[in-house]
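J.: The structure under discussion is supplied below as structure tokens; questions concerning it will follow.
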Amino acid sequence: FMLAVHSRFRCVADARFAPPAWPAMPSAWRAAFALCLGASLPRAGRAHGRLTVPAPRMRELCQKASSSDRATYNSDYYCETYPLRGGGDSEEFVCRNAEPNPAVTPPRVQAGAKFGLTWDRESADHPGDCAVFISYDVGATRRDMKFVKLANFEDCQKDSKRTMSIDIPSELPAGKAVLRWDWMALHLFPKIEFYVQCADVEVVSSSSLRPSDLNGFSIIAPPVYPLNGQDGVGFRSPYGGEYFVTGPACFDDSINACDKTAKGTQGYTGFGGAPSVKPPAPTSAPPSPSPAPAGGSAYPPAPGGAPAPQTAPSPAAASGFT
Numbered sequence: 233f234m235l236a237v238h239s240r241f242r243c244v245a246d247a248r249f250a251p252p253a254w255p256a257m258p259s260a261w262r263a264a265f266a267l268c269l270g271a272s273l274p275r276a277g278r279a280h281g282r283l284t285v286p287a288p289r290m291r292e293l294c295q296k297a298s299s300s301d302r303a304t305y306n307s308d309y310y311c312e313t314y315p316l317r318g319g320g321d322s323e324e325f326v327c328r329n330a331e332p333n334p335a336v337t338p339p340r341v342q343a344g345a346k347f348g349l350t351w352d353r354e355s356a357d358h359p360g361d362c363a364v365f366i367s368y369d370v371g372a373t374r375r376d377m378k379f380v381k382l383a384n385f386e387d388c389q390k391d392s393k394r395t396m397s398i399d400i401p402s403e404l405p406a407g408k409a410v411l412r413w414d415w416m417a418l419h420l421f422p423k424i425e426f427y428v429q430c431a432d433v434e435v436v437s438s439s440s441l442r443p444s445d446l447n448g449f450s451i452i453a454p455p456v457y458p459l460n461g462q463d464g465v466g467f468r469s470p471y472g473g474e475y476f477v478t479g480p481a482c483f484d485d486s487i488n489a490c491d492k493t494a495k496g497t498q499g500y501t502g503f504g505g506a507p508s509v510k511p512p513a514p515t516s517a518p519p520s521p522s523p524a525p526a527g528g529s530a531y532p533p534a535p536g537g538a539p540a541p542q543t544a545p546s547p548a549a550a551s552g553f554t
């Protein structure tokens, strides 16, 4: 009977099948109605997604939350996976946590090589894209940190729990840095759910560029993403319409699917791009001229750099006869 009632109402509001008032509702109807209602509400303690590799910054957020929040944000791990409550223009969206993780030794990131990242969307079935950024402003406030973008990952939920490699541009300068991963979930379009984690790293590089040479930008001052699906260039709707990826341009548009947000694309938000200063091209010193042989001979030097030996002509050769 309960299944028949559930099938009849289909968990939708339909005046033709409106149930009687709750006090007069038969117990089987009440059970089916509660089942439908429960299916439409967020489940407490359910996680969404987070960066797991490299190990991100974390804090004991749940211990600072109110008692009502603790019913939902029920552990430090799951706190880190929830969408930001501040949105895409809050300091939390720069880096969810402001301080480095003291339990983690920053991994080395080699410029010109590949680097692996892993994220976990838990059980969240959320369409949307991820991106990776880097900043050398390790001592600045989150609002003042300047980033450059390294990579796009389209519909990144499909890559959950996989190691995804990106190419690290060889021109990135050396130094301590903050790697930033974000995820814009589009399932509530035009509302956007924002997720982010930061991880401390150390870039190893022989590039002559300095961090100040990079075409860096703040994440939130002004915001580099639209705040909803219909703000500015907006985000694509996952339920139909034209497909595009939203975000700033990358440091190098030729790698890591960065062509999807290059200048001139539909979703380009007006920030980022190649560095403002190019490193000088390597130069080689010109070869030293070979000294002229004794006697001022005009013979060209031999391939090894030494003058070619002279051979005296024979009398027959000199006369032209054989």
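Residues 233 to 554, numbered by my numbering, are exactly what the sequence shown covers, in order.
Backbone N, C-alpha and C define an ideal beta-carbon position, used for all residues, glycine too.
Being a predicted model, the structure only gives us computed values, none of them experimental.
Consult DSSP for GLU174 and reduce its assignment to one of helix, strand or coil.
T.: Because residue 174 is not part of the residues shown, which for the chain are 233 to 554, the question remains open.
J.: Going by the CB atoms, is the gap between ASP491 and ASP484 shorter than 8 Å?
T.: No, the Cβ-Cβ distance between ASP484 and ASP491 is not below 8 Å.
J.: What does the alpha-carbon distance come out to for the pair THR284 and SER469?
T.: Straight-line Cα distance between these residues: approximately 28 Å.
J.: Since VAL433 contacts VAL509 with CB under 8 Å, what's their CB separation in whole angstroms?
T.: Rounded, the Cβ-Cβ distance is 23 Å, inconsistent with contact.
J.: What three-state label does DSSP hand GLU331 in the structure shown?
T.: It is coil, neither helix nor strand.
J.: Can you find at least 3 beta carbon pairs, one from the region 431-447 and one from the region 338-352, that sit closer than 8 Å?
T.: Touching, yes.
J.: Quick one, which of ALA431, SER440 and VAL326 has its alpha-carbon nearest VAL336's?
T.: Taking only the C-alpha atoms, the option nearest VAL336 is ALA431.
J.: What did DSSP end up calling GLU425 once you bin it into helix, strand or coil?
T.: DSSP places GLU425 in strand when its eight states are reduced to three.
J.: On the three-state DSSP scale, how would you describe PRO443?
T.: Looking at PRO443 - three-state DSSP - the assignment turns out to be helix.
J.: In or out: PRO258 buried (at least 16 other Cβ within 10 Å) or exposed?
T.: With a pLDDT of 49 at PRO258, under the threshold of 50, the modelled position of this residue cannot be trusted, and the question is left open.
J.: Taking only three categories from DSSP, how would you classify PRO286?
T.: It is coil, neither helix nor strand.
J.: Name the residue from ASN488, GLY461 and SER450 whose alpha carbon lies nearest to the alpha carbon of GLY502.
T.: Measuring from the Cα of GLY502, the nearest candidate turns out to be SER450.
J.: DSSP beta-bridge partners for THR350?
T.: DSSP, once it has assigned bridges, lists VAL285 as partnering THR350.
J.: Can you grab the Cα-Cα spacing for the pair PHE385 / HIS358, in whole Å?
T.: Computed Cα separation, rounded: 14 Å.
J.: Spell out a yes or no on whether the region 357-375 and the region 398-413 are touching, meaning 3 or more CB-CB pairs, one atom from each, closer than 8 Å.
T.: Yes: the two stretches touch, three or more of their Cβ pairs being nearer than 8 Å.
J.: Quick one: grab the DSSP three-state call for ARG412.
T.: Strand.
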